[in-house]
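> Residue 10 is where the sequence shown starts when you use the numbering used here, and the numbers rise one by one after that.
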Amino acid sequence: MQVNAGRLGGSGIIAGDVTVGDGSGRGAILSPGENADTRGTLIIESKLTFKSDGTYKFELNSDTRNADGVIAHGVTIHSGAQFTFTDVAHGTLPIGAVFTVISNISANPIAGTFSNLPDGSTFTSSGNTYQVSYEGGDGNDLTLTVVS
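(1) Based on DSSP bridge pairs, tell me the residues matched to R16.
(2) Have a look at S124 and D62 and give me their C-alpha separation to the nearest angstrom.
(3) Taking the CB atoms as reference points, tell me whether L126 and D96 lie closer together than 8 angstroms.
(4) Please state whether the Cβ-Cβ distance between T138 and T131 is less than 8 angstroms.
(5) Using 10 angstroms around the beta-carbon of S157, count the other beta-carbons present and answer buried if the total reaches 16, otherwise exposed.
(6) Could you please give me the residues that DSSP links to V107 through a beta bridge?
(7) Give me the Cα-Cα distance between L153 and D147, rounded to the nearest whole angstrom.
(8) Does DSSP put I22 in a helix, a strand or coil?
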């Protein structure tokens, strides 16, 4: 499935490869969940690729600790791809809470990083500070861990 522009969202299973963006600058968004009020998990049974104009829109409800997620068999993130984070609530999360943004079920590591989400970096949203790891979970997942 090629997403050249617009949004691919929802929950469920996609059997083939998914490529978000085409490198033309038009912008394409992967946003799991049914709508702005519903978190969701999208399962991609093959490879997930974010081109330079692709964006992953991740949403979390810090009151319920419910978050979007993607499960894919191999992940490539091209230079320029973006990550957006929205906490739809304003709850205080416990230190050490981990959210899996992308569960990579391939044995290989995630290739590349989102340009605005470097490995090891931290950011704060709604009073919670998160640390980014592309080696989280079983060693090759993109995770956010609450550090303060």
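Glycine included, each C-beta is placed from N, C-alpha and C at the ideal position.
On a predicted model such as this, the values are computed, not experimentally measured, just so you know.
Taking the definition as stated:
(1) I38
(2) 11 angstroms
(3) L126 is not a Cβ neighbour of D96, given a cutoff of 8 angstroms.
(4) yes
(5) exposed
(6) DSSP lists T154 as partners of V107.
(7) 14 angstroms
(8) strand
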